[in-house]
Structure formats: structure tokens, C-alpha cells
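*Asks:*
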Amino acid sequence: MMLLAVNIGNSNMRFAVFDGEQQLRTWTINSKPYRTEDEMFAKFSSMYIPFGIDYKQITDIVIGSVVPVLTLRIQGALRDIHGIEPMIVDRNTPSAVKHKSNQMGTDLYANAVAAHYSSYPDYKVIIDFGTALTFLGIDSTGEVGGVVISPGINTAMKSLVGETAQLPEIELIRPNNVLGLDTVTCMQSGMVYGYLSMIEGMIDRINKEVGSNAFVISTGGLGGVFSPLTTKIHVDDRLHTIKGLKKLYELNR
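Oh and the sequence shown: position 166 is 166 in my numbering, straight run, nothing missing.
Have a look at this one:
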């Protein structure tokens, strides 16, 4: 089985190709501006070549989406390219994960599924650094304890720059000092150390609430920036959500 898994987010679409359990390649495409199905067909038809993937070898497709306007368009474009009917998964797709929400996003559900079917120990918290910054808690039985949603780091940065007259766009890197001496390092401190303090504080609050020292997994575009800065994140896996989509496909194909 060669599986194409597609995670459609508000900012980016991540594609990953798996040959059995081996992940071959992964890449991202901007979700915006929204495109028609014909535009996506034209774009997707040539996207495999730079990554050395023969699209004819793909036998299965799974799609998870939090952008309804794009879901059917992408499903249709991939169907036309591959001659395969993609499976769309969401919070109602059966698995051993149990949740009480009828509003849970597919990305959150996929994060819970990937964590539950992993070898990670005990109570788990998944931090997803996406357009929104989310925290999801799940226990060893697969019961989702709840979710926290806050503005994503890039989302907050765009708002800060867009709503001020003199603050520039900056590179999101760790400054040498907490107290900055110029505009760029002042902003870097606020975005990096400010969010890091919030992340560490939220982990502490979740641990206190559930009475456990959770195993913390980070994923999403900026997980690799923040995970080296703290001992409270145990694993960073940028493909965690995609792995959840893959598992849902395997459970329900």
C-alpha cells in the first residue's frame, strides 16, 4: 500500500506519502488563497515530480480537513488525478478514542488518535502549533479529557504587526536576552519567551488538573522552534497529525 495522506489546515495543506509504515516524503502547500477544483487539479498534477514520487504508485488516499470549503475540491482533484476515491475522515470516524464533543476539529481528533495508538506512556498532552495553538489531553484508555485553544503564534504575530504602525515583521528566533534593547529583539522576546512561558504554564496547570505528569508531544510548524527551549515537551513530531489520519484510514479502509 502506498498511501497519500492530506491534512488541510487553515494556513497550510500538508501532504505525506507512506509506503507501508515508511514515510517517503512530505511537503506543504499554502491553503490560501482558496482555489477552484480545476486549479487544484492543475497544481496537484505536477506536485509529485520535485519529490521523486511516481503518482501512479499511490494506491490509497486519506484526507482530514478543518476547511470545509476546500475539502470536496481537493477530494475531487485528487480523485481525477489518481482514479481513486479518497477517504475523508473526521471526528466521527470510528477508533478507540473517546470524546464528548460534537465540535471537535478533525486535526484535534487525529492528534488524539495518533497519541493513543502510539507507544507513548500514560497521560498524554498534544500541543499543536498551527493557525491556532491547541492543547489536547488524552488518558491511557483513549478518553479525551479536554482541549485548550488559543491564538497561534504566527496568527498573533500577524495581528501585532498589522495593527501597529511601526512594528516590523521579524524572524521567530530565540533572542539572547529576555529584556530586548531594540525593536526586533523586544518582539522576539515577547513572541518566543512570552509564548514559551504560556506553554510551560499551561502544561503545569493541565498536570495539576489531571493529577499526572503528562507525556507532552508537540507538532505543527513551530513545534521545532519551541521544543528545544523547554524540558516540558518530550517529543516533537511534525507528522503527528498526519500519522493520526493514516491510522484512521487503516482502521476503517
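No residue lacks a Cβ here, since even glycine has one placed at the ideal position from N, Cα and C.
Only a predicted model underlies this, so the values are computations on that prediction, with no experimental measurement involved.
With a cut-off of 8 Å on the beta carbons, I'd call residue 168 and residue 183 a contact; round off their distance for me.
*Replies:* For the purposes of this step, residue 168 is taken as residue 168 along the sequence shown, with counting starting at 1. For the purposes of this step, residue 183 is taken as residue 183 along the sequence shown, with counting starting at 1. Confirmed, Cβ separation roughly 7 Å.
*Asks:* Residue range of the beta strand (DSSP E) that residue 23 falls in?
*Replies:* Within the sequence shown, the letter at position 23 stands for residue 23. That run of the beta strand (DSSP E) goes 22–30.
*Asks:* With a threshold of 16 other CB atoms inside 10 Å of the CB of residue 191, please say whether the residue is buried or exposed.
*Replies:* Along the sequence shown, one-based indexing puts residue 191 at 191. Answer is buried; the Cβ neighbour count reaches 16.
*Asks:* Quick check on DSSP: helix, strand or coil for residue 157?
*Replies:* Translated into positions along the sequence shown, residue 157 becomes position 157. Three-state result, residue 157: helix.
*Asks:* Residues in its own chain within less than 7 Å of residue 16 by CB, not counting five upstream and five downstream?
*Replies:* If you number the sequence shown from 1, residue 16 lands on position 16. Excluding residues within five positions, the ones whose Cβ falls inside 7 Å are 5, 23, 26, 239 and 242.
*Asks:* Which residues does DSSP list as the beta-bridge partners of residue 4?
*Replies:* By one-based count along the sequence shown, residue 4 stands at place 4. Paired residues: 17 and 61.
*Asks:* Rounded to the nearest angstrom, what separates residue 247 and residue 145 at their Cα positions?
*Replies:* As a position in the sequence shown, residue 247 is number 247, starting the count at 1. As a position in the sequence shown, residue 145 is number 145, starting the count at 1. Roughly 21 Å between the two C-alpha positions.
*Asks:* By DSSP, does residue 105 sit in helix, in strand, or in coil?
*Replies:* Numbered from 1 along the sequence shown, position 105 holds the residue referred to as residue 105. Residue 105: coil per DSSP, three-state reduction.
*Asks:* Could you pull the start and end residues of the beta strand (DSSP E) that residue 218 belongs to?
*Replies:* By 1-based counting over the sequence shown, the position of residue 218 is 218. Note, residue 218: beta strand (DSSP E), 215–220.
*Asks:* Quick test of your reading: residue 37 and residue 73, contact by CB under 8 Å. State the CB separation rounded to the nearest angstrom.
*Replies:* In the sequence shown, residue 37 corresponds to position 37, counting from 1. In the sequence shown, residue 73 corresponds to position 73, counting from 1. Going by Cβ atoms, the distance from residue 37 to residue 73 rounds to 4 Å, so yes, they are a contact pair.
*Asks:* Establish whether the CB of residue 208 and some CB of chain D are separated by less than 7 Å.
*Replies:* The structure shown contains no chain D; it holds only a single protein chain.
*Asks:* Since residue 197 sits in a beta bridge, which residues does DSSP pair it with?
*Replies:* In the sequence shown, residue 197 corresponds to position 197, counting from 1. Its beta-bridge partners do not exist; DSSP assigns none.
*Asks:* Would you mind reading off the limits of the alpha helix (DSSP H) that contains residue 226?
*Replies:* Locating residue 226 in the sequence shown gives position 226, counting from the first residue. It spans 223–226 - the alpha helix (DSSP H) in which residue 226 sits, taken as one unbroken run.
*Asks:* What three-state label does DSSP hand residue 132 in the structure shown?
*Replies:* Numbered from 1 along the sequence shown, position 132 holds the residue referred to as residue 132. The answer is strand: DSSP assigns residue 132 an E or B state.
*Asks:* Let me know the secondary structure DSSP gives residue 12 once reduced to three states.
*Replies:* To locate residue 12, count along the sequence shown from 1; it is residue 12. Looking at residue 12 - three-state DSSP - the assignment turns out to be strand.
*Asks:* Less than 7 Å between the beta carbons of residue 58 and residue 75, yes or no?
*Replies:* As a position in the sequence shown, residue 58 is number 58, starting the count at 1. As a position in the sequence shown, residue 75 is number 75, starting the count at 1. In this structure, residue 75 does not lie closer than 7 Å to residue 58 by Cβ.
*Asks:* Under the rule that 16 or more other beta-carbon atoms within 10 Å means buried, what is residue 177, buried or exposed?
*Replies:* Counted from its first residue, the sequence shown places residue 177 at position 177. Exposed, by the Cβ-count rule.
*Asks:* For residue 170, which residues from the same chain have a beta carbon less than 7 Å from its beta carbon, with the 5 sequence-adjacent residues on both sides left out?
*Replies:* Taking the first residue of the sequence shown as 1, we reach residue 170 at position 170. Result list for residue 170: 184, 187 and 188, in chain order.
*Asks:* My understanding is that residue 98 touches residue 143, with C-beta atoms under 8 Å, so please give their C-beta distance in whole angstroms.
*Replies:* Taking the first residue of the sequence shown as 1, we reach residue 98 at position 98. Taking the first residue of the sequence shown as 1, we reach residue 143 at position 143. Indeed, because the Cβ distance is near 5 Å, the residues count as touching under 8 Å.
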